[in-house]
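These notes are about the structure you will find just below.
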Ligand code: ANZ
């Protein structure tokens, strides 16, 4: 037949690969090592188009490295704790473990059929006690370093999931997972002190700029949110109230002070007279969601605290207000309001009739009149020693020097980044290995007792209630204190799943290691990851946390690098009919059905060929049937080759050249992540080979060489048909263990000819051009030739006659 049977070929090679394990990474290999990492999935349901896309793209790089002779580590596992599994388990009335591990098996089988070159001997699940034992170990080590602590704090609360959320999980005031409006609650919570690493996390971003997507670097920079400014001490009664400002140069224009309404400070400052009004206001603020608080459309609200503050440079008394537009947990929770040069302050001043004093004259209309705050450079007015200066940087420096000399302030740096709240009041996560003892307080579970296993709780009600379901497991909760032996209780929170995924890439290096989270020597051998392929939705959360963990481990002396991911690739998403796939739109594309209809190779090829990997793919515009037709065409070559294996030297020169050029370019294209162009080049080589065969060249050695190259390059994308071709060409599997095709460098030299350029019939120049130059390129080369330009000086070109590749005739007049 002139078509291969897709299903039969898949069924044939899977067990062979299982047997040969071509992707098993050898720790002891002498070859240079490469680590290709792709984000591991949540086990909710079977694999979908998104998984198919990211792993197909990722596999191109990994398989390419393998052919290039690197020892490649390409592991896969499951991020198997967390809310999605727990919520689904509740919906289906199943234990989360049953649901989770059943899905893992399903996804595992699907990944195998999809033929991604993973080393399955390193498979891990973050919900396995042998894994989370080390997550707990790391938590305790972090705590010993003062990097994990517990505090009472207002936290983001999802009323629907009944759990605390990290700032990162609140998107536009809503729960990232379920979309419910997020409210606030006071709870005792565990935090990681990621703020200790704010500057370090920022500094290294500069190095990553060259190899990480720009949008990821920018998102991380914004999230860390470094700003430079000053702390300025105002005096209120008998106490000092420090404000944080990025514009200390506007200090002479501060006409009032604002304190966060829900901060302790406000309650302490308010006069008895104003207290009832203040308390009523705070009540109202607490009820408002963050969405409302942050809205710019909303009129400014606030309450006068009845006290005044002394401006440290002017000695002027300004009123102190409480308002919700100042956030309690940013800066110092108090600001000096400069309405002339800050729009929020100006809106507030307008609302409450507070004075507006311009101190920077930018040439624009006075903000007191226009109600538009001016923020640009200008000359300072009404500003004492600053008057006459006209440069912001100088103004800021001058004021800071003055404040420091007077001991009433100093230059400072502020970060938007908050500590990482890791407590979750849910069941399906890593138990926090802490015991609360009435005598000894917080006591760590001894290392030798790890893992602290999650109690089974089969049949228990796991529905979110605001307290972890673990609290109901009396036998588990009540323990004796590891220190004094007296009655104590276990901490009942579980960890945010982002803790689990902050170190899994390290575990893959020695997944069965029992003496620590990882074998330090093996981590040194494999890490950092040479590429990390995954979704841009993890630009901030996961990547920032993983970087933080790595830096702490570096400071602990456990790893010798500071950044875990040397390079990164973010794939686009697969959409359908112009829209994101969704249940409500009914435009979902079922991966299983596509694989059934067109086969694994055709689906993979379609996803890789669709366009640049970063771009979204509209499945409605794709033709997996066309991909399959191409694969059949490639496969037919392998049946037409009549020369014996090994006869690959010489033959049709232009086909030899086409092959050499394709191999050369394919390497560059894969390395620059232009996989789609690489596929296009393979398609051209298939056509070129077919032409020689059809002209009677089936026995030509160049035909065999080209066909073998087609099989090897295709193996990066379409492993089944590539293996099949390889066998039909008389070779042993697995093709993945062959080496990158070689070629004679001389074949890359393009043939050139010398074209003659005439002006008015006279030879004026000669240009060297490729033999297959187009008329347009030849004309451009001719007109750019200095001798020709000289001959044309002062003349008007009437006509250019081009006869590529030999002649150009310029007619002037
Ligand atoms: C006076 C001033 C004058 C300000 C001016 C700006 C312009 P970033 O860059 O985000 O750090 N601010 C300080 N703490 C705040 C808080 N807890 N809640 C709300 N706003 C706060 O911004 C720092 C600026 O935001 C600070 O500089 C302060 O207003 C305000 F012409 O101080 B500025």
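In the UniProt record's numbering, the protein residues as written are 14 to 826. Built from N, CA and C at the ideal position, the CB exists for glycine as well.
Discussion item. Using a 10 Å radius around the Cβ and a threshold of 16 neighbouring Cβ atoms, would you call residue 64 buried or exposed?
Written reply: buried
Worksheet entry | Exposure of residue 543, with buried meaning 16 or more beta-carbon neighbours within 10 Å | buried
Worksheet entry | Cβ-based neighbour list, residue 131, same chain, cut-off 8 Å, excluding 5 preceding and 5 following | 36, 87, 88, 89 and 124
Discussion item. Check this for me: beta carbons of residue 619 and residue 594, under 8 Å apart or not?
Written reply: no
Worksheet item: Whose CA, out of 66, 84 and 94, lies closest to the CA of residue 44?
Response: 84
Worksheet item: Between residue 263 and the rest of its own chain, which residues show a CB-CB distance below 6 Å, the 5 nearest in sequence each way excluded?
Response: 351, 354 and 372
Worksheet item: What is the DSSP secondary structure of residue 203, counted as helix, strand or coil?
Response: strand
Item to complete: Please indicate yes or no: does the CB of residue 169 lie closer than 7 Å to some heavy atom of ligand 1?
Response: no
Fill in: Contact set for residue 55: own chain, Cβ-Cβ below 8 Å, skip 5 residues either direction
91, 92, 93, 95, 97 and 98
Worksheet item: Can you name, in chain order, every residue of its own chain whose Cβ lies under 7 Å from the Cβ of residue 531, other than the five neighbours on each side?
Response: 519, 520, 522 and 523
Worksheet item: Just to confirm, are residue 142 and residue 464 a CB contact at a threshold of 8 Å?
Response: yes
Item to complete: May I ask whether a heavy atom of ligand 1 can be found less than 7 Å away from the beta carbon of residue 390?
Response: no
Worksheet item: Should residue 387 be labelled buried (16 or more other beta-carbon atoms within 10 Å of its own) or exposed?
Response: buried
Worksheet item: Going by the C-beta, is residue 268 closer than 7 Å to any heavy atom of ligand 1?
Response: no
Worksheet item: Helix, strand or coil: which one does DSSP assign to residue 183?
Response: strand
Worksheet item: Short check: CB of residue 433 to CB of residue 207, under 8 Å?
Response: yes
Worksheet item: Helix, strand or coil: which one does DSSP assign to residue 173?
Response: In the structure shown, residue 173 sits in coil (DSSP, three-state: anything other than H, G, I, E or B).
Practice prompt. May I have all residues whose beta carbon comes closer than 5 Å to any heavy atom of ligand 1, sorted in chain order?
Written response: 240, 257, 258, 259, 260, 263, 339, 340, 343, 344, 348, 351, 354 and 355
Worksheet item: What is the DSSP secondary structure of residue 627, reduced to helix, strand or coil?
Response: coil
Worksheet item: Just to confirm, are residue 772 and residue 823 a CB contact at a threshold of 8 Å?
Response: yes
Worksheet item: Do you know offhand how far residue 128's Cα is from residue 613's?
Response: 8 Å
Worksheet entry | Distance, residue 100 Cα to residue 201 Cα | 24 Å
Item to complete: Check the C-beta distance from residue 357 over to residue 238 and give it rounded, since I have them as a contact under 8 Å.
Response: Cβ atoms of residue 357 and residue 238 stay farther apart than 8 Å, at about 17 Å.
Worksheet item: In whole angstroms, what is the alpha-carbon distance linking residue 240 and residue 684?
Response: 37 Å
Item to complete: Can you check DSSP and say which residues form a bridge with residue 542?
Response: 578
Worksheet item: Is the number of C-beta pairs between the stretch 58 to 77 and the stretch 168 to 179 that are closer than 8 Å three or more?
Response: no
Practice prompt. Give the secondary structure of residue 657 by DSSP, where H, G and I count as helix, E and B as strand, and everything else as coil.
Written response: coil
Worksheet entry | Span separating the alpha-carbon of residue 702 from that of residue 606 | 33 Å
Discussion item. For a quick check, are the C-beta atoms of residue 481 and residue 438 less than 8 Å apart?
Written reply: Contact flag set, yes.
Fill in: Own chain partners of residue 279 with C-beta closer than 6 Å, once the 5 adjacent residues on each side are dropped
Residues of the same chain with a CB within less than 6 Å of the CB of residue 279, apart from the 5 flanking positions on each side, are 272 and 335 in chain order.
Worksheet item: In the structure shown, what three-state DSSP assignment does residue 592 receive?
Response: strand
Fill in: Same chain, Cβ closer than 6 Å to residue 50, neighbours up to 5 away in sequence not counted
518, 542 and 545
Discussion item. Using only the alpha-carbon positions, how far apart do residue 359 and residue 196 sit?
Written reply: Roughly 28 Å between the two C-alpha positions.
Worksheet item: When the Cα atoms are used, what is the spatial distance from residue 536 to residue 214?
Response: 21 Å
Practice prompt. Check whether the Cβ atoms of residue 547 and residue 52 sit closer than 8 Å, and answer yes or no.
Written response: yes
Worksheet item: So is residue 310 buried or exposed if we call it buried at 16+ other beta carbons inside 10 Å?
Response: exposed
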